Structures are given as C-alpha cells and as structure tokens.
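Trainee: Quick one: the structure is below, questions incoming.
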Amino acid sequence: MRIEPGPMQIPAIRLTDRNDRPLRPDGDFVVYWMNAARRTRSNFALQHAVDLCNRYGKPLVILEALRSGYQWASDRHHAFILQGMRANRDAARKSTARYYGYVEPKNGEGKGLLEALGRSAVAIVTDEWPCFFLPRMVERAAAKLDVRLQAVDSCGLLPLRAAPKAFSRAFDFRRFLQRELPDHLGEQPVLNPLARLKSKRQPNIPREILSRWPEAVSEPLLAGKSSALADLPIDHGISICEDEGGAVAGHRALSAFVSDRFARYADDRNHPDDCSASGLSPWLHYGHVGAHEVFEALTEHEDWDSSLIANRSDGKADGWWGRSPALDGFLDELITWRELGLNFGHHRPAELDQFQSLPSWSLQTMREHAGDERPAHFELETLAAAESSDPIWNAAQTELLTTGRMHNYLRMLWGKLVLAWKPSYEEAAADLIELNNRYALDGRDPNSYSGIFWVFGRFDRAWGPERPIYGKLRYMTSKSTRTKLRLKGYLERFGREARQGSLF
Numbered sequence: 013m014r015i016e017p018g019p020m021q022i023p024a025i026r027l028t029d030r031n032d033r034p035l036r037p038d039g040d041f042v043v044y045w046m047n048a049a050r051r052t053r054s055n056f057a058l059q060h061a062v063d064l065c066n067r068y069g070k071p072l073v074i075l076e077a078l079r080s081g082y083q084w085a086s087d088r089h090h091a092f093i094l095q096g097m098r099a100n101r102d103a104a105r106k107s108t109a110r111y112y113g114y115v116e117p118k119n120g121e122g123k124g125l126l127e128a129l130g131r132s133a134v135a136i137v138t139d140e141w142p143c144f145f146l147p148r149m150v151e152r153a154a155a156k157l158d159v160r161l162q163a164v165d166s167c168g169l170l171p172l173r174a175a176p177k178a179f180s181r182a183f184d185f186r187r188f189l190q191r192e193l194p195d196h197l198g199e200q201p202v203l204n205p206l207a208r209l210k211s212k213r214q215p216n217i218p219r220e221i222l223s224r225w226p227e228a229v230s231e232p233l234l235a236g237k238s239s240a241l242a243d244l245p246i247d248h249g250i251s252i253c254e255d256e257g258g259a260v261a262g263h264r265a266l267s268a269f270v271s272d273r274f275a276r277y278a279d280d281r282n283h284p285d286d287c288s289a290s291g292l293s294p295w296l297h298y299g300h301v302g303a304h305e306v307f308e309a310l311t312e313h314e315d316w317d318s319s320l321i322a323n324r325s326d327g328k329a330d331g332w333w334g335r336s337p338a339l340d341g342f343l344d345e346l347i348t349w350r351e352l353g354l355n356f357g358h359h360r361p362a363e364l365d366q367f368q369s370l371p372s373w374s375l376q377t378m379r380e381h382a383g384d385e386r387p388a389h390f391e392l393e394t395l396a397a398a399e400s401s402d403p404i405w406n407a408a409q410t411e412l413l414t415t416g417r418m419h420n421y422l423r424m425l426w427g428k429l430v431l432a433w434k435p436s437y438e439e440a441a442a443d444l445i446e447l448n449n450r451y452a453l454d455g456r457d458p459n460s461y462s463g464i465f466w467v468f469g470r471f472d473r474a475w476g477p478e479r480p481i482y483g484k485l486r487y488m489t490s491k492s493t494r495t496k497l498r499l500k501g502y503l504e505r506f507g508r509e510a511r512q513g514s515l516f
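In this text, residue positions in the sequence shown follow the working numbering: the first is 13, and each later residue adds one.
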C-alpha cells in the first residue's frame, strides 16, 4: 500500500515554463487547464496546481474545455470525453475546487476563454502531451497569455525529459529503462491532490466569462447522449461505443482486468477467443486513468516492491520485474512500448505521423518494391465498411467500427494487409491513420502511431527472406494467423460467414 508523501512539490524534471510571463501572487485563483491528463487522481499537473494554490493561499479553477473543430471529431470521441468530464465534475464537487466544463457549440466559439480566465489568475497549469494538436495549442496559448503558463508531464513512469534522445528500437529503449527507470519509480503522484487543497472557499469566476462561455451543465450532454450531441458540428455518422469514458469507468475496467484476466495475460493475450488483454488503451489515451495508477494496481496485486527488480541492462523483458511472466509481459507493453511512442513524439514531434520519418532501411526496401504487383486494391471507404475479401481483416475492422477498439494481434495483421492492398506504401499509411483515428477510441495517440508505422518498419528491423511487396519488412498473413490463434468465436461475433478464404 502506498504511503502518501508529505510535500506536494512535483519532480522538477516534469515541470516546464512555457512562457516568461510573471506569476501573479495577487491573482484571484490558480487555473488548471486540463486537456490531456483528464482525471483528478494521480495527476502531477493537478498536484502542481494545488501546490501553487497552497503556496499563494488561493482557490483552484479546473478548466476542462472540449473543442468541436478538432480533426476526426465525432459522436464517438465526444461522448467518451464528455463522460469523463462528468466524472471530473463529480470528483471536484467533493473539494473546494471549482470545476468549469465548457463544450464548444460551434467551431471557434471557445476562442478567448483561457485568456479571459488568465487575466484573473496567479498562474495557469496545463498538461504536456506530445501528440495531435495539443502541443501547438499550448504553444499558441503561451504566446497569447499575460500570465505564466506551466506544462506538467504526467504521461508515463519515465519523465519525457529523462531520455536524451529518441530511440529507434524497443530493445535499446528497454536497456535505457533498465538503467534509468528505477530512480523514478519512487516519484509517484499524490493519489488525491484535491484532498490536499487548503483553500476553504470556491473561486469566483467573473460573470462576464460565464455569460460569454456558458459552462456545460446539461446531464444528457455530459452523459454523452446522441440526442444532446445532435446540434454540435461534429461527425454524427461515427456511433457512440458501449464503453463509457471517465475515471470511474476506467478504474472499473482496470479492476476487472486485474481480478479476471491478468493471471492469463502471458498465455492468452494474443488469442481473440480467450483474450486476456487489458483493454485499457481508451482510458489511458484520454488520461482518464494514468500509467502510475495501472502500475500500482498490478504491482500491488503481485505483491511487488522495488527490491525485486533485476539489476541489469541487457534489453531483455523476461524476468526484469522479478515476478510472474504476466507482470513482465504487461509492464513491457505499458512502459517499454507505450513510452517508446511518447519518447519519439517528444523528441521528434514533427515526424510522429510522417511516412518519411521511417528508418532508412525500410524506406529503401519499399522503394525497391514499389512497382511490385498488388494482389488486390480496396478504396478507403470499402475498407472502412469492412468489405475487403479477407474475412479476418473484415472481422477486425468490424470490431473497430462497432466497439472503437481492435484486438492487439489482429491490429498488426490489419495493417500488414492494407500495406499489400494499396498501390503505394504512402497511401497505405494514410488510410491506416484515417481508419484508426476516425474509429478507434485510442487513436490520435503516440502509441497508435507507433503501431501503424511499425507496419512499415518503425521500431522494427529488417527481416528475411525478402518477399514481393514487403521486401525486408516483417511479413504477416491471414493463413498463418489462423494456425496460430483461436479465432472461431471472434469470427462468429465479428466476421461474415459468407466470405471464405484469404488473399494470402
């Protein structure tokens, strides 16, 4: 069981001043602009905002705003975020913090809200997140504000700035983690920072701000009901998923994984019929659950402590954590692979979603095989409708369409087949990004970009024998997938029995 630390001060490596404007001790409140770590627990940014409140004797405003004009905005993504906003509002009500949720009714109508709050603020604290439009949004805000804007890294167990460079292979990054991560494992965020807020009064938000940007109070809207989303300028053709957004639902999913499936994780995670994967990626992506919380839940379950971690830097995953193969396997996904994408996004932000950022060996082999004959061609919308001629691919795409998620192993096959079906590798990558970001609840994430570009060689190595279309890229087929995995129940649920056979 974790013992809460005394001080509220966060590790200095996680804090960055984004402008040189002053802190204003005479301000009315501190603002926490919540936009990536969308939770009230185990959140370094909220912890730092509370620390500033306590230092200056000020109350706290939590601003969580939802734009309408972001790329791929839809009922699916909006509903998941809104459900998280409702959970954050309810959590804030147990403290003296003032939760201010704003949902933009039309594109651009939220412009000016943060600046208006900033005029009354001691400081504004926000989240650091190395992906999608968030870095540009924070950079623009920093330039406009007349008050200090500080960004806080709550992304992963390893602080983003602890690694001096972007790593090109998981093996090399794991070696670095084995040397450096143990020093950061004791730097856990405070479990419930709002309980440490000393101010006994709620801040007063100026009336003209609330009039210009009315807060979201509609229960149907915050529940993510499609009827309440109907008037918003977003894509209403992407259905809302059964999974509910928010910290409460995320912790429910975490508890179910730990108690029901974790013991089988090492043996069954790749089998769609008996899948023991965590399914936590949507809540991790939206920041409704943090990596530290997941780490703590699993290590508590395994009765793990830091003395068990192997003192080595050989880059191998097996046995590193000194407990079960399930813990080794899961923490390698949660830390090595997830934070490899965060590391790449932090150090090479302009290249995260760019085809030309792929390793030179993979670009070379694709150039050499660009003219190879393709076995089929399917337009983007044919793929989106799960109407290829491959039944396993169609089942995986149907799962994505209906649930907002896709089985982890099948996601790799899904990408490899699109690579072979499109007339160019660049078009294949663009279609995979579009399909993933349009439908996946965990899309628009460093980890999902890692998965897509892994298909084309990022974080991988050259493979032999050299094959048509794939060249030296890793090769996967539906035929081999059928022999490796238990798929009968999965195909009955998501497949189309009328379609048999495979192109490969």
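No residue lacks a Cβ here, since even glycine has one placed at the ideal position from N, Cα and C.
Here the structure is a predicted model, which is why all the values come from computation and not from measurement.
According to DSSP, simplified to helix, strand and coil, what is residue 160?
Mentor: Residue 160: coil per DSSP, three-state reduction.
Trainee: So residue 260 is in the beta strand (DSSP E); what residue range does that whole segment cover?
Mentor: Unbroken run through residue 260 is the alpha helix (DSSP H), 259–268; no beta strand (DSSP E).
Trainee: When burial is assigned at 16 or more other CB atoms within 10 Å of the CB, is residue 222 buried or exposed?
Mentor: exposed
Trainee: Is the Cβ-Cβ distance between residue 182 and residue 349 less than 8 Å?
Mentor: When the beta-carbon positions are compared, residue 182 and residue 349 come within less than 8 Å of each other.
Trainee: Give me the Cα-Cα distance between residue 43 and residue 215, rounded to the nearest whole angstrom.
Mentor: 10 Å
Trainee: For my contact list, residue 109 and residue 72 are in at a C-beta cut-off of 8 Å; report their separation, rounded to the angstrom.
Mentor: 4 Å
Trainee: Where in the stretch 445–499 do unbroken runs of the alpha helix (DSSP H), each at least 4 residues long, occur, reported from the N-terminal end onward?
Mentor: Correct list: 458–466, 490–496.
Trainee: Throw me the rounded Cβ distance for the residue 351 and residue 168 pair, which I believe falls under 8 Å.
Mentor: 4 Å
Trainee: Pull up the DSSP beta-bridge partners for residue 43, would you.
Mentor: 73, 136
Trainee: Between residue 29 and the rest of its own chain, which residues show a CB-CB distance below 7 Å, the 5 nearest in sequence each way excluded?
Mentor: Same-chain partners within the cutoff: 160, 162.
Trainee: Given a threshold of 16 other Cβ atoms within 10 Å of its Cβ, counted over all protein chains shown, does residue 362 qualify as buried or as exposed?
Mentor: exposed
Trainee: For residue 54 and residue 166, I'd like the C-alpha separation in whole angstroms.
Mentor: So the alpha carbons of these two residues sit roughly 9 Å apart.
Trainee: Where does residue 79 fall in DSSP's three states?
Mentor: coil
Trainee: Could you pull the DSSP bridge partners for residue 115 from this structure?
Mentor: 78
Trainee: Which of helix, strand or coil does DSSP assign to residue 251?
Mentor: coil
Trainee: Rounded to the nearest angstrom, what separates residue 501 and residue 408 at their Cα positions?
Mentor: 13 Å
Trainee: What are the boundary residues of the beta strand (DSSP E) that residue 365 is part of?
Mentor: Residue 365 -> no beta strand (DSSP E), and no H or E assigned at all.
Trainee: Short of 7 Å in beta carbon distance, which residues of its chain neighbour residue 488, apart from the five on each side in sequence? Order them along the chain.
Mentor: 424, 425, 428
Trainee: How is residue 513 classed by DSSP in three states: helix, strand or coil?
Mentor: At residue 513 the pLDDT is 44, less than 50, meaning the model places this residue with poor confidence; the figure from the coordinates comes in the next sentence. In this structure, residue 513 counts as coil in the three-state DSSP scheme.
Trainee: Identify the residues that DSSP records as bridge partners of residue 28: which are they?
Mentor: According to DSSP, which records beta bridges pairwise, residue 28 is partnered with 163.
Trainee: Identify the residues that DSSP records as bridge partners of residue 86: which are they?
Mentor: 247
Trainee: Say whether the stretch 450–457 touches the stretch 400–419, bearing in mind that this needs 3 or more beta-carbon pairs closer than 8 Å, one atom from each stretch.
Mentor: With a cut-off of 8 Å, the stretch 400–419 and the stretch 450–457 count as touching, because enough Cβ pairs lie within range.
Trainee: Start and end of the alpha helix (DSSP H) containing residue 141?
Mentor: Residue 141 -> no alpha helix (DSSP H), and no H or E assigned at all.
Trainee: Could you pull out every residue in the same chain whose Cβ sits closer than 7 Å to the Cβ of residue 99, ignoring the five residues on either side in sequence?
Mentor: 258, 259, 260
Trainee: Distance, Cα to Cα, residue 299 vs residue 293?
Mentor: 10 Å
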